[in-house]
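Student: Residue numbers (our numbering): 260 to 729.
Next up is a structure, given as structure tokens.
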């Protein structure tokens, strides 16, 4: 009897699973107007595919990978109902895990086709506009359509054929949370209207041809922004002070532009900041900003290629969680502070190369447990390299010490195994005695200490004799 009951339960469970896997006939089909809009968008992206023949049925029941639907409950005077709507459109084959509809060699796109998709939240293009030059689409007409407030994500990745300006083409989409435009030929300035995108959480405009200055108050109201990436463009002038209002920011990347002047102190207000990259701009000779020590959430900071000048400050005690530091070619001089090795116990990457640093490499650098790359090339460092054979073996070619002619290594590291890693560094003399001490030893070999005592005794005796006969 128990066996029959168990069997019955298993059969019921399997039947329930099968029922769940079968599309419910009660699910409403996609509206024919929305279905037609999806067909037209697909045909504009790749006219060589017979989309209507391959997907003749309800797009929400059977659709290409990049077409996503959702079901919404709506209440009207006649009662409540459930309707199907397209919420995401993604184009461009990314990988086997994201096999979006492939784009043709002559892809086009008209945002007006989206006016019939009032619940569209995400629009994604990957390598769709690569050959023929295509003006950046004008999304402003959507502002008067019912779906204007629903668009949350607008993403264009690796579309070098896109050109033109954004001015007047992306209006005040109040619901827009994510705007990604990377790897295009779009130029001009960031439109002032971007300051009204108050729900924006990610603004990535990297690897384009933007230029000019950024308006002073553009970041004033973007208080929800978590990612700001303007890298690899031609922006110039000073960084707006309003950037200090972005207190929820996690990532700030302004690298490879032509920003100048002082690194704005308002950055110290970004208490949540974890990643900061200001490399390869034209920031002036004001030294490494001391306010970095106030960014206690910081995990990575890169200031490479800006002639900041000055010494390495003693500001590392509050940055113990940092994992990456890039200070390559920033005009540093003086010694490397011991506090870097004492406090940066979690650092994985440390770049101090191509400066004018001098003195010894701190012994504490030899005990950095998590370091995977250490670059001290092309400085004026001297003395013994404080690294064990295990650390040298672990880092391999990621340990870079060349260009420091007065550095030396222990005999144990001068082996065939490490010769390529350590370049042309000489072997240290043993014992490692200062040059002045060696000169003194030549004059008084072995017993100079006793000679000094005898000499002092003679002087004291002479003074006693003088005193006795005076």
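For every residue, glycine included, the Cβ atom is placed at its ideal position computed from N, Cα and C.
Since this is a predicted model, take the numbers as computed values, not measurements.
(1) Under a three-way DSSP split, which group does residue 659 fall into?
(2) Taking one C-beta from the region 492–502 and one from the region 511–518 each time, how about it: are there three or more such pairs within less than 8 angstroms?
(3) My assumption, with CB atoms under 8 angstroms, is that residue 432 sits in contact with residue 464. Please give the rounded CB distance.
(4) Per DSSP, residue 461 forms a beta bridge with which residues?
(5) Under the assumption that residue 507 contacts residue 468 (Cβ atoms under 8 angstroms), give the Cβ distance between them as a whole number of angstroms.
(6) Under the rule that 16 or more other beta-carbon atoms within 10 Å means buried, what is residue 393, buried or exposed?
(7) In three-state DSSP terms, what is residue 316?
(8) Is it true that the region 382–398 meets the region 353–369, where meeting means three or more beta-carbon pairs spaced less than 8 angstroms apart?
(9) Alpha carbons only, please: which of 486, 576, 619 and 558 is nearest the one belonging to residue 594?
(10) Rounded to whole angstroms, what is the Cα-Cα separation between residue 659 and residue 421?
(11) With 16 other CB atoms within 10 Å as the buried threshold, where does residue 610 fall?
(12) With a threshold of 6 angstroms on Cβ separation, who are the neighbours of residue 354 within its own chain once the five nearest residues in sequence on each side are excluded?
(13) Among the residues of its own chain, which have a CB less than 7 angstroms from the CB of residue 301, if the five just before and after it don't count?
(14) Count the other C-beta atoms from every protein chain shown that fall within 10 angstroms of the C-beta of residue 657, then say buried if there are 16 or more, exposed otherwise.
(15) Starting from residue 620, trace the beta strand (DSSP E) in both directions and tell me its first and last residue.
(16) Go through the region 331–359 residue by residue and report every complete run of the beta strand (DSSP E) that reaches 3 residues or more, in order.
(17) Start and end of the beta strand (DSSP E) containing residue 495?
(18) Assuming contact is defined by CB atoms lying nearer than 9 angstroms, are residue 688 and residue 629 in contact in what I supplied?
(19) Out of 477, 571 and 441, state which residue places its alpha-carbon closest to the alpha-carbon of residue 451.
(20) Give me, in chain order, the residues of the same chain whose beta-carbon lies closer than 6 angstroms to that of residue 539; leave out the 5 immediate sequence neighbours on both sides.
(21) According to DSSP, residue 518 sits in a beta bridge with which residue or residues?
(22) Tell me residue 634's beta-bridge partners as DSSP assigns them.
(23) When the Cα atoms are used, what is the spatial distance from residue 418 to residue 385?
(24) Going by other Cβ atoms of all chains shown within 10 Å of its Cβ, with 16 needed for buried, is residue 343 buried or exposed?
Tutor: Based on what the coordinates show:
(1) The residue labelled residue 659 in the question sits at position 400 within the chain shown. Reduced to three states, the DSSP call for residue 659 is strand.
(2) yes
(3) In the chain shown, the residue the question calls residue 432 occupies position 173. In the chain shown, the residue the question calls residue 464 occupies position 205. Approximately 16 angstroms separates the beta-carbon atoms of residue 432 and residue 464; this is outside 8 angstroms, ruling out the contact.
(4) Residue 461 sits at position 202 when you count from the first residue of the chain shown. Residue 461 pairs with 437 and 486.
(5) Position 248 of the chain shown, counted from the first residue, corresponds to residue 507. Position 209 of the chain shown, counted from the first residue, corresponds to residue 468. About 29 angstroms separates the two Cβ atoms, so there is no contact after all.
(6) Position 134 of the chain shown holds residue 393. It counts as buried.
(7) Your numbering for residue 316 matches position 57 in the chain shown. Of the three classes helix, strand and coil, the one that applies to residue 316 here is coil, per DSSP.
(8) Touching, per the Cβ criterion.
(9) On the chain shown, position 335 is the one that residue 594 refers to. Here the closest residue by C-alpha is 619.
(10) Taking the first residue of the chain shown as position 1, residue 659 is located at position 400. Taking the first residue of the chain shown as position 1, residue 421 is located at position 162. Their backbone Cα atoms lie some 41 angstroms apart in a straight line.
(11) Position 351 of the chain shown holds residue 610. Buried.
(12) If you number the chain shown from 1, residue 354 lands on position 95. For residue 354, where only same-chain residues beyond five positions count, there are no Cβ hits under 6 angstroms.
(13) Here residue 301 is taken as the residue at index 42 of the chain shown, counted from 1. For residue 301, where only same-chain residues beyond five positions count, the Cβ hits under 7 angstroms are 310 and 360.
(14) The sequence position of residue 657 within the chain shown is 398, counting from 1. Residue 657 should be labelled exposed.
(15) Working through the chain shown from its first residue, we reach residue 620 at position 361. Unbroken run through residue 620: none, as it is neither H nor E.
(16) 338–350
(17) Taking the first residue of the chain shown as position 1, residue 495 is located at position 236. Counting along the chain, the beta strand (DSSP E) containing residue 495 begins and ends at 493–496.
(18) Within the chain shown, the letter at position 429 stands for residue 688. Within the chain shown, the letter at position 370 stands for residue 629. It is not a contact, given that the beta carbons lie outside the stated cut-off.
(19) As a working mapping, residue 451 is identified with position 192 in the chain shown. Per the Cα distances, 477.
(20) Mapped onto the chain shown, residue 539 falls at position 280. Hits under 6 angstroms: 514, 515 and 564.
(21) To locate residue 518, count along the chain shown from 1; it is residue 259. Residue 518 is bridged to 496.
(22) Walking along the chain shown from the start, residue 634 turns up at place 375. DSSP, once it has assigned bridges, lists 610 and 659 as partnering residue 634.
(23) As a working note, residue 418 is residue 159 in the chain shown. As a working note, residue 385 is residue 126 in the chain shown. In a straight line, the C-alpha of residue 418 is about 7 angstroms away from that of residue 385.
(24) Walking along the chain shown from the start, residue 343 turns up at place 84. With 16 or more Cβ atoms within 10 Å of its Cβ, residue 343 is classed as buried.
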